[in-house]
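Engineer:
Protein chains in written order, with my numbering: chain A, 34 to 216; chain B, 82 to 655.
1. Using a Cβ distance threshold of 8 Å, determine whether the segment 382 to 401 of chain B contacts the segment 283 to 294 of chain B, with at least three qualifying pairs required.
2. Can you pull out the residues from the segment 610 to 624 of chain B whose beta carbon lies closer than 8 Å to at least one beta carbon of chain A?
3. With DSSP collapsed to three states, give me the class of residue 654 of chain B.
4. Pop quiz: residue 366 of chain B and residue 304 of chain B are said to be a contact at Cβ under 8 Å. What is the actual Cβ separation, rounded to whole angstroms?
5. In whole angstroms, what separates the C-alpha of residue 175 of chain B from that of residue 238 of chain B?
6. Please report the distance separating the alpha-carbon of residue 526 of chain B from that of residue 532 of chain B.
7. Just to make sure I have the definition right: I need the residues of chain B whose C-beta is within less than 9 Å of the C-beta of residue 136 of chain A. Which are they?
8. Roughly how far, in whole angstroms, is the beta-carbon of residue 182 of chain A from the beta-carbon of residue 143 of chain A, given that I think they are within contact range, below 8 Å?
9. Using a Cβ-Cβ cut-off of 6 Å (strictly less than) and excluding sequence neighbours within five positions of residue 654 of chain B, which residues of its own chain qualify?
10. Between the beta-carbon of residue 95 of chain A and the beta-carbon of residue 587 of chain B, is there less than 7 Å?
11. Would the beta-carbon of residue 171 of chain B fall within 7 Å of that of residue 153 of chain B?
12. What span of residues does the alpha helix (DSSP H) with residue 119 of chain B cover, start to end?
13. Do you know offhand how far residue 126 of chain B's Cα is from residue 135 of chain B's?
14. With a CB to CB cut of under 7 Å and the five nearest residues on each side skipped, what residues in its chain are close to residue 430 of chain B?
15. So, is the C-beta of residue 583 of chain B closer than 7 Å to a C-beta in chain A?
16. Using a Cβ cut-off of 9 Å, pull out every chain B residue sitting near residue 107 of chain A, in sequence order please.
17. Would residue 689 of chain B pass as an interface residue toward chain A - the criterion being a Cβ-Cβ separation below 7 Å?
18. Got a sec, what are the start and stop residues for the alpha helix (DSSP H) residue 194 of chain A sits in?
19. So, helix, strand or coil for residue 367 of chain B, using DSSP?
20. By the 10 Å Cβ neighbour count, where 16 or more other Cβ atoms means buried, how is residue 460 of chain B classified, buried or exposed?
21. Does the beta carbon of residue 101 of chain A sit closer than 7 Å to a beta carbon anywhere in chain B?
22. Identify each residue in the segment 186 to 210 of chain A for which the Cβ-Cβ distance to at least one residue of chain B is less than 8 Å, and report them in chain order.
23. I want to see whether chain B comes within less than 7 Å of residue 124 of chain A, judged by CB atoms only; does it?
24. At least one CB of chain B closer than 7 Å to the CB of residue 165 of chain A: is that the case?
25. Can you give the beta carbon distance from residue 446 of chain B to residue 408 of chain B, rounded, assuming they're within the 8 Å contact cut?
26. At what residues does the alpha helix (DSSP H) containing residue 560 of chain B begin and finish?
27. What does the alpha-carbon distance come out to for the pair residue 576 of chain B and residue 565 of chain B?
28. Less than 7 Å between CB atoms is the rule here; does residue 628 of chain B satisfy it with respect to chain A?
29. At which residue ranges does the segment 459 to 485 of chain B contain complete beta strand (DSSP E) runs of 3 or more residues, listed in the order of the chain?
30. For residue 286 of chain B, does the three-state DSSP call read helix, strand or coil?
31. Roughly how many whole angstroms lie between the Cα atoms of residue 391 of chain B and residue 454 of chain B?
32. Thinking C-alpha only, which one of B:351, B:173, B:118 is nearest residue 22 of chain B?
33. For the segment 137 to 149 of chain A, enumerate the residues whose C-beta is nearer than 8 Å to any C-beta of chain B, in chain order.
34. Pick out whichever of B:398, B:158, B:355, B:229 has its Cα sitting closest to the Cα of residue 192 of chain B.
35. Compute the Euclidean distance between the alpha carbons of residue 164 of chain A and residue 145 of chain A, then round it to the nearest angstrom.
36. Check whether the Cβ atoms of residue 122 of chain A and residue 83 of chain A sit closer than 7 Å, and answer yes or no.
Quick look at the structure:
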C-alpha cells in the first residue's frame, strides 16, 4: 500500500516539472546605442576630437534600459537591455561622431547625467562636457552643459533607442561647435 | 872819663839816662853794665814769647775712634782744601777707647770753630759711593773741617768716623724715613723724584724699641719744596718685575738706584699737594711702589676683631671691605700670647668663654680709601663707625678667592645682630663680629657629604661593573658578527651581486614594458575587466530575480511585461 502511494507522488512530481518546462517565456531584446552606419561629422583633422573619459550616472550603469514611469519612478526594462555598457556605447557613438583619432589634437570629456526615455514617449539627455587640447582656447567655450529632450517618433523600445542616439549626436554637435577650427 | 863822654858820638836818650844813672852809680848805686845783655835778652825773649803766643792760632781737641792716618806734626787740617792747621799731638784718651788729636789752627781759622763744626779724617776709600781720597795716598791723610752755623769758640769736638754725605751747611730739608726693614737702601743712596736725584740717605740706624729702621735723609734745596704732608716715600731699589696677562712689566727708577739702592717719593694719585713739612719730619718708607699703591694711607684707626671661626686664609694686608668698597687693611692676624690661646679649653659654655676662644684680628680702618686721608676725616670716620655698629654694622669673614681660599674682612649691616657697640678693652677698640656664611657653607657641605656617604655607591658600581661586562660581551659578539659580515661582503658571490642586480632590474624593466600602454596585455586586462563588470551586472539581475522569486531556480520565472514607451508628443526642448 505504501509502495503504491510513493509511485503516485513521483508521478505527480514529474508532471509538475514537465509542466514548468513547457511554460512560455518572454524573449529578451538587446539594443545597440551606436550606429554602424554613422558618419563622422568632423570635416578635417583640426575639427576632430578624441573622446576621453566618459562617465555615466550610476543609475545608467546597468544593462537594463531605464524608463521613467512617473515623476520620480524609474523602471529598468527586463526584456529590453543594452548590448553593452552604456559608457562604451556613448564613447563609441561620440568617437564616430567626432572622428577623433588617437593623435587628435583635442580631447573631449563627457559626463552623462541623464539619458532615459519615459512611458509617455519623451526622451531626455543631460550631460556635461569639456574640451582640452592644442587648439582649444581657454578664453572661448572650453566646457559646457547640454540638455535636450526629444519625443520618440513611435512607440516601442527601438524608437526609444533611436531617439537616445539622436540626442547623443546633438551632444556631439554641441561639442564640435566649441572646437575653434569647426566654427 | 868825662871827656870820653863829652867827645863821643851822639848818644841816645837812654844812654844819656844811663849816663845819668851811671852818675848815680858813682854815688854807690851803680849797676854793672854787664847786666845790660841779659836784661836785653830777657826782654827780647819775653817779647818773642808774647809775639809767639799772640800770633799762634787756637788749639783744639778732636776725639776720634782711631788714629789711623794721623801723624803728629804732619797731618794737616784742611777746609775747602786749604791748610788751616796741623795735628800737634795724638794721644790716647783717658778711657783708652779713643784717641785725641791736639790740633793747632791758624789764627784766622778760629772763626770756623763753631759748636756744630765737624771733623773727619780723609783717607783713601773704596765703597758703594765710589772711590774717594785718592790724593791722600801720596800726601797722607788729613783732617777735614766742616764749619757749622753755631756759636764760635768751641775747642773740643767729636770727630766723625765716616765721611758725612752732606755738608752741614748745605741748604735743604733733613727728613726721617722709617721702614720695617733696612732693605737695600744704604748711606749715600739717592733720593729720586721722577727719576731725578734730589737728595740722599745720610745715615741709617736701627730703632731697637720697635725693630724699625730709621733713615736720615736729606733733600737738597730747592727740591725740598716737593716734600709735603701728602708725600709718600718708597724703596726704589733694584728692579720691580710683575707678570700678568699683559706680559712682563719691568721697572727701575734709575741705574744708580738699581746698583746702590735708592728711595723715591711722590704724591699718590688723587691726593692734594699738601702742606710743607718741617725739618726731621718722619715719613713711612714703603717697601715698594706696589706696597704704596695698596696702602697709601696714613691716617687710620685701629680696631680689634674677635672671630670665633677659623681665620685660616686671612693674611696681613688683606682688605677690609664695606659692601665691596675698601675701607681698611688687616694689620695682624691672631697675634696673642700663647697662654691665652687655650683658655677656652677649661672654660664653660658661657659667653665669656666664647670670647676667650676667639682669635684677634687687628685691622686699620682708613678713610683715605674714601678719598680723604686727613686726621679730621679719620676722627669723623670713627664716630660714624660707632653709630653704625650700634645700628647693626658687624664685621665678618668672607671668601676672597675660592681657588686660594683667601679671606677678607667684610663690614655690613646685619638685621638679626644682637645689639652691641664698639668697646675699649685694655686700650684697644673692639668691634663686634658675627659668624660669616662660611660656617653655614661648611654645614651644607658636611650634610652633602653625609648624604653622599649614604648612597649605595658600592652596589651601583657593582651593577655598573656587571653591565659593563655584559656590554663587553655584547661588543665581542658584535665584533664576531661584523667579522662574519665582512667575510660575506668580501666573498666573490657578494662582489658579483651588483651585476646580478643589474640583470634582474633589466628583466624587471622588460616585464613592466609588457604592461605598458602599447602592450596587448593591458588591452586584454581592460577587456577582462569589462567582461567581469558585465558578468557582475548580469549576476545582479539574476540575484534580483531570485530575490523576488526564490523558487525561480525550480519553478518558471514569473515574467512581468515591461512597459512600452509610447510615441512622444512632437516638440523638442533643449
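The beta carbon of each residue, even a glycine, is placed where N, CA and C say it ideally should be.
Structural biologist: Quick answer:
1. These segments do not touch.
2. 611, 614, 615, 618, 619, 621, 622
3. Bear in mind that the predicted position of residue 654 of chain B carries a pLDDT of just 49, short of 50, making it unreliable; the figure below should be weighed with that in mind. In the structure shown, residue 654 of chain B sits in a strand (DSSP, three-state: E or B).
4. Their Cβ separation, rounded to whole angstroms, is 18 Å, which puts residue 366 of chain B and residue 304 of chain B out of contact at 8 Å.
5. Their backbone Cα atoms lie some 16 Å apart in a straight line.
6. 10 Å
7. Simply none; closest approach about 14 Å.
8. About 18 Å separates the two Cβ atoms, so there is no contact after all.
9. Its pLDDT being 49, under 50, residue 654 of chain B is placed unreliably by the model, and the measurement read from it follows with that caveat. Taken in chain order, the list of residues that qualify is empty.
10. no
11. yes
12. 117 to 136
13. 14 Å
14. Reliability fails at residue 430 of chain B, whose pLDDT of 45 lies under 50, so the model's placement of it is uncertain and no value is given.
15. no
16. Correct list: empty, because the minimum Cβ distance to chain B is about 11 Å.
17. This structure cannot settle anything about residue 689 of chain B, because the visible part of chain B is limited to 82 through 655.
18. 190 to 211 is the span of the alpha helix (DSSP H), which, as asked, contains residue 194 of chain A.
19. strand
20. exposed
21. no
22. Of all residues in the segment 186 to 210 of chain A, 186, 187, 188, 189, 190, 192, 193, 196, 203 have a Cβ within less than 8 Å of some Cβ in chain B.
23. no
24. Judged by the 7 Å Cβ criterion, residue 165 of chain A is not in contact with chain B.
25. 6 Å
26. 538 to 570
27. 15 Å
28. no
29. 474 to 482
30. strand
31. 32 Å
32. The structure shown does not extend to residue 22 of chain B, since chain B is modelled only from 82 through 655, so no value can be given for it.
33. Cβ contacts with chain B: none found.
34. Looking only at B:398, B:158, B:355, B:229, the smallest Cα-Cα distance to residue 192 of chain B is reached by B:229.
35. 15 Å
36. Cβ atoms of residue 122 of chain A and residue 83 of chain A: not closer than 7 Å.
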